[in-house]
Amino acid sequence: MESATIPARPARRPRDVVAEFISRFGLIAILLILPVAYGIQDLQNEGDLSRLATNIKDGLSNGAIWALIAVGYTLVYGIIELINFAHGDLFMIGSFVSFTLMGTIGLTVATGGFGLFFGLLLILVLAMVACGSLNVMIERVGYRPLRGAPRLAPLITAVGFSFILQNVGLLWLGGSHRGVPDLIESQKVFFTFLGVPVSHGDVLALAVTAPLVILLINFINLSRIGRAMRATAQDPQAARLMGINVDTTISFTFLLGGLMAGAAGLIYALYQTDVWFFAGFTAGLISFTAAVMGGIGNLKGAVLGGLIIGIIQQISDNRIGTEWTPAIVFAFLILILVFRPQGLLGEQTREAG
Amino acid sequence: MTATAQRLRRNAQAAGPRSRTAARIATAAAILAVALLPFFYDSGSPFIEDSTVALVYVVMALGLNIVVGFAGLLDLGYVAFFAIGAYTVGWFGSSFFSSRNIHVGVAEQLTNLPGIHLNWLIVVVIAACFTALAGAILGFPTLRLRGDYIAIVTLAFGEIIGRIAVNSDEGVFGIGDFNLTNGRRGITPVDKIDLPFVERFTTLDLRPWYWTALGLALIVLFINFRLRDSRLGRAWIAVREDEVAAVSMGIPTVRVKLLAYALGASMGGMAGAFLGSFYNTVNADQFEFSFSIFVLAMIILGGLGSIWGVVLGAILLSFINTRLIPDVLNTLPSEVGLDFDLTQLGFGIFGFLLVIMMVLRPQGLLPEKRHKAEFAHAGDEDIVREVQA
Amino acid sequence: MSRAATAEDGRGTVLSDTAILETQGLTKQFGGLVAVSDVSFRVPERSIVSIIGPNGAGKTTFFNMLTGLYRPSFGRVYFNGRDVTRRRPDQITAAGVARTFQNIRLFGTMTAVENVLVGQHARMKSTVFGSVVRTPFVRREERRGREKARELLAYVGVKPERFEQTASFLAYGDQRRVEIARALASDPKLLLLDEPTAGMNPQESEQLTGFMHQLRQDRDLAILLIEHDMKVVMGVSEQVTVLDHGTKIAEGEPQKVRNDPKVVEAYLGKQG
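Structure follows, in structure tokens:
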């Protein structure tokens, strides 16, 4: 069925382009309120931006952790449109695994350079594998049987798993915060960049996150499984018809998300020198906010969102008070979902069903 | 449906009036039995206390059922309405605002106390209004969102309210220094309920509390039944099933959804106002996320959208929480020879039950006949997929 | 808001001069894709009009703009003289437009009667308070609503024993009928039917054709169809509009349109 001519595609209307511009930069503007406001306050009070710069630096390091967790949320949501509620608690398990393995392997502050390096590398791998497998198991047991059921069902199982994991954490290391040996001397300053002291912890966060993220992005873009993931995310039916094993692809996606959460767990344990069974709940919500902010389903968006949220969180912790930070982050989440649900890097979606 | 089944159905409907009367009599008898229950126990017995709490949870569950069960809006932040209702009685039924001196409809003894003291009946109405408004405000951002996102937004809202509750002893969000909630220390004591024509309630005699809770539960139950079979109730179900088709049939979905949030919230608020007085304290520790899930579990266990199912689910889970878990879990380990405290496992067991419930019987114990159809189709999709694979 | 009809009135058919529905330059863009481009179109009062065109021509998108589900990128829609371009779908239905869907969208867990009751939502006035208290007004309205629902179901040909059956368990043909009854429940002045004969055999299609004539007479409304079945189109339409790749390529009396070379080409591809 051909027609005489293929109709020309007109350029997008000016009105649409402007609306998109306002929407995207409106979001950016809202995100900038806190840093800019406190920056101005700093300049008035102290005359320089060093405190703000430190906030931002710390925010980026924390943000790296959120970015890794957010990646897990966004990958899973992209492929089966499910918010894996238990993902934050998976991260917490990763931190617990890391902490426990430090004791098992016998890493202490006295352990020397190479031993420490390879020890931590081993723990990283083990934590990642543990969380990855756990995630795959959760999908298999709790989500796959409910693929056809109404939306509420897998959400409830997700919450159920979240509670189970929290209880595991509670029984494992108790209800109080546990101090992690400061193996990398995370507060010690490594070097100073533009007047801002960069500590070991900061370097760790960057050194672990950056390669993992780059590897992941390349893997998804270049590998066969990555292509299968993207195809399934776009259209599971078509993917199945192309011969892609959708079930395996989904399991693999959960594996990847879990790997990232495990890595985040180790970084967190070393950087904060603290683990707590309830840390996953808040971390999960913050990371999910990051994923939404970046554009759910968009991998680079999740990373970007994580870094931004980290900065906002750090400014809030430092200036307003840690007790208010979760409420502030959640307020941002609501704002984003109301005014620009597709986030920074997401695309405009269709208006109606 | 086979021809036989159809015929049977027709017969059942023909027997309509008679079976309906029978059902009505059975219901009345059950309500009477429940009302007379306290007479079989000491006036201060723990059983009456637990039963009172169970009845309050029935009210909450019915409220959440309107939002999640009827209208299909995944609300994970219901604790916010419980909190607002409780703080309402804390503000307007105690000596918290000691700089003020307002007394309306309260007994002689109280008029000497500082603070705002309004009669509980007035307070419960205010609580219903506050929470209805809060419900509409909460609902507003969710109007254009899809299922999972509604869950997250409502969850975030619940968390925000929770944080405000914990932190607002000196200013809200770090602004000002007004003591809104007294944080973790909470507001206590709270005035006892004082209904006209009867003596003021006390902590010793739990029976008036029980009957008030029962009255509240019956009113809410009545409202639910009437709404379910009304124009609005049908609109809710239509919106839940297929929002595009619903709006194309002339249903103003915005209004309908906001009404669901507001009505459901107001029930939570009234329950909160009752509990605030019953527990004699309103305290930020009472308002955590797990509460929202607890109430949600009740309606899922009972059967989403099924009114009697929800009542059953609420009573069951409430009693499991107040009786079974402390009693059984405390004694069981030692009987089996283990050494640790099983109450520490409460959370995890609850989570485990949630997973089991959704995987094995997602339609609940007493499913509404509609949901049988919904979950039946879930199975069909699996069959189709197996055939295609 | 009635200009001279763009459809050519040949011999015989006298199309009303007033339009119940009119669009001017209606366009819909999704990002870079233009689904409907600059369609100006009229439905005369009490007429039966068909929209045809190859798959993907933008017909359902066009429908969705008429009912308010999509917001047009450009252009205007007028119903009964009023501009309804940016109105919400429920407002447009309340104004007097009703529709069925290409893939049947009944409320599966409701009975046939309840589905048709929902269709009456915009015409009912029961309030929340009234419903809880069950005032005489509410009781009367509910009773009358159910009677009307049963009448409509009987009118479209659903057997009484199926009235209280859950919609998702009804046979396909009955589901289609219930959908039409539900649409009629809001007393529309314009009925939009999106591929009403999909899945029907020739006898059923013929029945539907006769039904549409009956409907127009009994209920004093206009019908706008999207249809693929040419027999139905020829048999029932007074005016046919052809869309291809989102633009209107022909419009007029059925026979004339059928022989229009542009239309033939759109369906069959270039000849020779």
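Chains as they are written, first to last, in numbering that gives the first Met the number 0: chain B, 0 to 352; chain S, 0 to 388; chain E, 0 to 271. Just so you know, even glycine gets a beta-carbon here, dropped at the ideal spot from N, CA and C.
Residue burial classification, residue i (beta-carbon count within 10 angstroms, cutoff 16)
| i | result |
| --- | --- |
| Leu151(E) | buried |
| Leu25(S) | Here residue 25(S) turns out to be Ala, not Leu, going by the sequence shown. The residue in question, Ala25(S), is exposed, as its Cβ has fewer than 16 Cβ neighbours within 10 Å. |
| Met241(B) | exposed |
| Gly209(E) | exposed |
| Glu178(E) | buried |
| Glu240(S) | buried |
| Leu267(E) | exposed |
| Ser18(S) | exposed |
| Asn114(E) | buried |
| Pro188(S) | exposed |
| Ile299(S) | buried |
| Ile192(S) | buried |
| Pro260(E) | exposed |
| Val291(B) | buried |
Beta-carbon gap between residue i and residue j smaller than 8 Å
| i | j | result |
| --- | --- | --- |
| Ala245(S) | Phe100(E) | no |
| Phe129(S) | Gly114(S) | no |
| Ile82(B) | Leu164(B) | no |
| Arg86(E) | Gly67(E) | yes |
| Val117(E) | Gly129(E) | no |
| Val78(S) | Phe349(S) | no |
| Gly159(B) | Gly257(B) | no |
| Arg150(B) | Leu303(S) | no |
| Val207(B) | Ile266(B) | yes |
| Leu93(B) | Leu284(B) | Note on residue identity: the sequence assigns Gly, not Leu, to residue 93(B). No, the pair does not count as a contact, with Cβ atoms beyond the cut-off. |
| Thr51(S) | Ala216(S) | no |
Cutoff 8 Å: residue i Cβ touching any chain B Cβ
| i | result |
| --- | --- |
| Met248(S) | no |
| Tyr77(S) | no |
| Ile158(S) | Note on identity: in this sequence residue 158(S) is Glu, with Ile being the wrong assignment. Taking Cβ atoms only, chain B reaches closer than 8 Å to Glu158(S), which makes this a yes. |
| Ile83(S) | no |
| Glu380(S) | Because the pLDDT of Glu380(S) is 43, which lies under 50, any placement of that residue in the model is unreliable, and the number read from its coordinates should be weighed accordingly. Closer than 8 Å: yes. |
| Pro140(S) | yes |
| Met59(S) | no |
| Leu144(S) | yes |
Contact list for residue i against chain B, beta-carbon separation under 7 Å
| i | result |
| --- | --- |
| Glu367(S) | By Cβ distance, chain B contributes nothing, its closest Cβ being about 13 Å from Glu367(S), past 7 Å. |
| Val394(S) | This structure cannot speak to residue 394(S), because chain S is shown only from 0 to 388. |
Per DSSP, cross-strand counterpart(s) of residue i
| i | result |
| --- | --- |
| Asn100(S) | Gly114(S) |
| Phe78(E) | Leu20(E), Arg81(E) |
| Gly30(E) | According to DSSP, which records beta bridges pairwise, Gly30(E) is partnered with nothing at all. |
| Gln238(E) | Val48(E) |
| Ala221(E) | Leu189(E) |
Within chain S, the residues that residue i reaches when beta carbons sit closer than 7 Å
| i | result |
| --- | --- |
| Leu74(B) | Simply none; closest approach about 15 Å. |
| Ala330(B) | Ile159 |
| Ala263(B) | Under the 7 Å cutoff, chain S gives no residues; its nearest Cβ is about 20 Å from Ala263(B). |
| Phe277(B) | Chain S residues near Phe277(B): none, gap ~11 Å exceeds 7 Å. |
Below-8 Å beta-carbon distance, residue i vs any chain S residue
| i | result |
| --- | --- |
| Val117(E) | yes |
| Val131(E) | yes |
| Val337(B) | yes |
| Gly245(E) | no |
| Ile333(B) | yes |
| Phe287(B) | yes |
| Ala326(B) | yes |
Interface residues of chain E facing residue i [CB-CB closer than 9 Å]
| i | result |
| --- | --- |
| Leu243(S) | First, the residue type needs correcting, since residue 243(S) is Val and not Leu in the sequence shown. Within 9 Å Cβ-Cβ: Leu68, Pro88, Phe100, Arg104. |
| Arg463(S) | This structure gives no information on residue 463(S), because the portion of chain S shown stretches from 0 to 388. |
Proximal residues of chain B, C-beta to C-beta of residue i below 8 Å
| i | result |
| --- | --- |
| Ala150(S) | Ile82, Leu154 |
Residue i at chain E interface by Cβ criterion, 8 Å
| i | result |
| --- | --- |
| Ile236(S) | yes |
| Ala70(S) | no |
| Arg233(S) | yes |
| Ile298(S) | no |
Under 8 Å by beta carbon: chain E residues contacting residue i
| i | result |
| --- | --- |
| Thr252(S) | Asp89 |
Chain B residues whose Cβ lies nearer than 9 Å to that of residue i
| i | result |
| --- | --- |
| Pro361(S) | Leu145, Ala148, Pro149, Leu151, Ala152, Ile155 |
Residues that residue i contacts on chain S, provided the C-beta gap is smaller than 9 Å
| i | result |
| --- | --- |
| Ala93(E) | Gly249, Pro251 |
Interface partners of residue i on chain E, CB under 7 Å
| i | result |
| --- | --- |
| Arg230(S) | His120, Met123, Ser125, Ser130 |
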